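Asks: A single structure is presented below for examination.
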Amino acid sequence: MNPILEAAIALAAAAVLFSAAVEAGAQAQVRESKQVQQRTQERAGKREIIPGSELMTSQEREDYRRRYAAARTDEERNKVRANHVKAMEERARLRGLRLADPAASGAAVK
C-alpha cells in the first residue's frame, strides 16, 4: 500500500479515536456535574437552619457548623444547639430583637 495513504488512514483513525475519547470525557464530566448537583440539592434539603444566623458572621456560622458536626451523639448536638440558641437569643435581646421560630423562617424580628 502507498505510504502516504497508510499515513492518511492512520491519521484518520487517530482522529476518530481522539474524538471518541473527547466525547467520553465530556459525558463523564456531565455525569459528574449532575451527581454533584444532586448531592448539593440533597444536602440543602437536609441542611439545618441555624437559629439567629442573620445575627452571625460567616465565620461564626462556620464555627457553629463545625461544633455541631463534631458532636458525636444526638444529646451532644442538642446541647450545642441549645447553647447556641441561648447565645443568639441574648444577642437578639441586646439589639432589641427576638428570634423568630427557626422552623418558620429563621429570621430575627422586631
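The sequence shown runs 132 to 241 under the numbering used here. Positions of the beta carbon are idealized from the N, C-alpha and C atoms, including for glycine. Given the structure is predicted, the values throughout are model-derived calculations rather than measurements.
1. State the Cα-Cα distance for the pair Phe149 and Gly156, rounded to the nearest angstrom.
2. Report, in whole angstroms, the separation of the C-beta atoms of Ala223 and Gly183, which I expect to be a contact under 8 angstroms.
3. Would Ile140 be called buried (16 or more neighbouring beta carbons within 10 Å of its own) or exposed?
4. Go ahead and pull the three-state DSSP assignment for Arg229.
5. Does Ala202 come out as helix, strand or coil in the three-state DSSP assignment?
6. According to DSSP, is Ile181 part of a helix, a strand, or is it coil?
7. Please state whether DSSP places Asn209 in a helix, a strand or coil.
8. Exposed or buried, what is Ile130 when buried is set at 16 or more other beta-carbons lying within 10 Å of its beta-carbon?
9. In whole angstroms, what is the alpha-carbon distance linking Glu185 and Thr204?
Replies: So, to answer that:
1. 10 angstroms
2. 6 angstroms
3. exposed
4. strand
5. coil
6. coil
7. helix
8. Any answer about residue 130 is impossible in this case: the structure gives the chain only from 132 up to 241.
9. 27 angstroms
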